[in-house]
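J.: Sending over a structure as structure tokens; questions will come in a sec.
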Amino acid sequence: MTPHVTVGMDESPESLAAALWAAEEASLLDVPLHLIHVEEWPVTAEVPVLSAESLVERYETLLRATADRVRDDRSGLDVTTEMARGRAPAELTAAANEAEVTVLGSRGLGGVVGFLIGSVSLAVVGRARRPVVLVRSGSASSGAGSGDAGSGDAGSGIVLGVDIEQPCDPLLAFAFGEAARRDEELRIVHSWSPSPAYGYTAILDPGVGSGLGRKATEGLGEMVRPWRSKFPAVRVTEQAVVGPAAAALVDASRSAGLLVVGRRSRRSPVGPHLGHVAHAVIHHSPAPVAVVPFE
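Residues -9 to 285 (my numbering) make up the sequence shown, in order.
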């Protein structure tokens, strides 16, 4: 299938923000943008036939209007639309598996920094085999570092969270690629904590703590070194910090235009699986969050 960027559409401001973000991503990748809305089917008592027909007309109008808006903003961008029918989680996940990147809108919790991630978005993020980006209205909705969708506090640069104990080449490839295309600085963060085996020794003996920190810093450098060689033009900073990874990444995201985290591709008997770090950052990062699956 022809490479493309997909965005899931509804009538929310977050959906429009996602479409604008996705349009820039498609332009940077030089691929078409695909707008999709899923009509829930089969019709249920909650959505009778007449209401369903009315909703179809409304969402077809929405797709056309959004496509026109994107074409006006980005002349030359190839934009297609689709009205799919079925269960939204399954249809959007299938669409995401065919796309280079899929972008979804996520609603902020009023004045509280965070995502109200619904069951549909959670299912797509937890099951998709390709990267999924979650964008809030008012965040950097036109891409990392640009805030021209009315966001006065949009950050800049890209933050990548890694674990040096886990190979994550797809995650590094995505983050370095984004930084290269956007000409943005890439900040790579690895969080570590002393093993329980050290007990209070790491706290009471500064030499032990500094030695562990030096080991973490060296391990991060070894992980990143080949990618620095592949992307010599990308400006990279590395940080090995002590403490919970989720807290460190949420804090780093406050000044970022995009936060990138990974998700292990494994099936869970209870449904979509997100690690605790990914789960925390998609709820609390003020920046758009890219979740990249890896083995």
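A virtual CB, placed ideally from N, CA and C, is assigned to each residue, including glycine.
All values derive from a computational prediction rather than experimental measurement.
#1: Would you mind reading off the limits of the alpha helix (DSSP H) that contains T83?
#2: Considering Cα atoms alone, identify which of V122, F221, E72 and V232 is closest to L264.
#3: Could you check how far apart the C-beta atoms of S298 and E29 are, in whole angstroms? I think they sit under 8 Å.
#4: Between A57, Q229, A170 and A86, which has its C-alpha nearest S219's C-alpha?
#5: In this structure, what does DSSP give as the bridge partners for A280?
#6: Which residues does DSSP list as the beta-bridge partners of T71?
#7: Taking contact to mean at least 3 C-beta pairs separated by less than 8 Å, is the segment 238 to 250 in contact with the segment 264 to 275?
#8: Counting only runs that start and end within the segment 192 to 245, where is the alpha helix (DSSP H) found for 4 or more residues in a row?
#9: Let's see if you can read the secondary structure: which residues bound the alpha helix (DSSP H) around S2?
#10: Can you give me the C-alpha to C-alpha distance between S181 and A246, rounded to a whole angstrom?
#11: Measuring CA to CA, which of P160, A85, L94 and D63 is closest to G252?
#12: In whole angstroms, what separates the C-alpha of I148 from that of V226?
#13: Residues in its own chain within less than 6 Å of E175 by CB, not counting five upstream and five downstream?
#14: Is G76 near W31, with beta carbons less than 8 Å apart?
#15: Can P283 and S255 be called in contact, C-beta distance under 8 Å?
T.: Result, derived from the coordinates:
#1: Start and end: A78 to A86.
#2: Out of V122, F221, E72 and V232, V122 has the C-alpha closest to the C-alpha of L264.
#3: Since the first and last residues shown for the chain are -9 and 285, residue 298 lies out of range.
#4: Answer by Cα proximity: A170.
#5: Per DSSP, V123 and V250.
#6: Looking at the DSSP assignment, T71 forms a beta bridge with L25.
#7: Short answer: they touch.
#8: Positions of the alpha helix (DSSP H) runs, each at least 4 residues long and wholly inside the segment 192 to 245, are given as 196 to 220 and 235 to 243 in order along the chain.
#9: Counting along the chain, S2 falls outside any alpha helix (DSSP H), and DSSP gives it neither H nor E.
#10: If you draw a straight line from the Cα of S181 to the Cα of A246, it is about 17 Å long.
#11: Answer by Cα proximity: P160.
#12: In a straight line, the C-alpha of I148 is about 10 Å away from that of V226.
#13: Within the same chain, and ignoring the five residues on either side of E175 in sequence, the residues whose Cβ sits closer than 6 Å to its Cβ are G147 and R225.
#14: Their beta carbons are under 8 Å apart, which means G76 touches W31 by this criterion.
#15: For P283 and S255, yes; Cβs fall inside 8 Å.
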